[in-house]
Amino acid sequence: MRHIMAVSVDAFAVLAEPTRRRILDALRRSERSVGELVDVLGMSQPAVSKHLKVLREAGFVSCRTAAQHRIYRIDVRPFRTVDGWLAPYREMWTAHLDALERHLDKE
């Protein structure tokens with residue numbers, strides 16, 4: 000359990016940066032090269048590369064080489080860790096919402 004908490008906190012720190020979330024949103028649609036991400040995001044290549052490095056080191060993205068390009072894609076494993084950390088909170092809110100629905104149905 001302790002390992003999951005440490006990884007989740009690191010994952011949330013990585014995801015806290017809005018630009019990294021924008022990169023992940025772009026990669027959710029399809030694999031992309033750095034150049035494609037630069038065009039989609041309207042950012043400089045060094046800035047995109049800096050954020051990709053953080054995402055890659057945290058395991059959120061992986062890359063492969065195709066000719067002279069690095070092609071980036073999402074790796075789902077860190078998202079599973081985040082989802083696991085969020086599960087108890089989702090259960091708590093579901094229970095609260097179910098109780099509210101029962102209360103409203105009575106009225």
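Residue numbers for the sequence shown, in numbering that gives the first Met the number 0: 0 to 106.
Cβ atoms here follow ideal geometry from the backbone N, Cα and C, with glycine treated the same way.
Excluding its 5 nearest sequence neighbours in each direction, residue 9 has C-beta neighbours in its own chain below 8 Å: 57, listed in chain order. Taking 4 residues as the minimum length, the alpha helix (DSSP H) runs contained wholly in the segment 29 to 87 are 33 to 40, 44 to 56, in order along the chain. From the listed residues 74, 11, 41, the smallest Cα separation to residue 30 is found for 74. Closest by C-alpha distance to residue 67, out of 97, 45, 32, is 32. Scanning its chain for C-beta atoms nearer than 8 Å, with the 5 sequence neighbours on each side dropped, one finds around residue 20 the residues 14, in chain order.
Residues of the same chain with a CB within less than 7 Å of the CB of residue 26, apart from the 5 flanking positions on each side, are 60, 71, 72, 73 in chain order. When DSSP states are grouped into helix, strand and coil, residue 94 belongs to the helix group. The DSSP-derived three-state label of residue 100 is helix.
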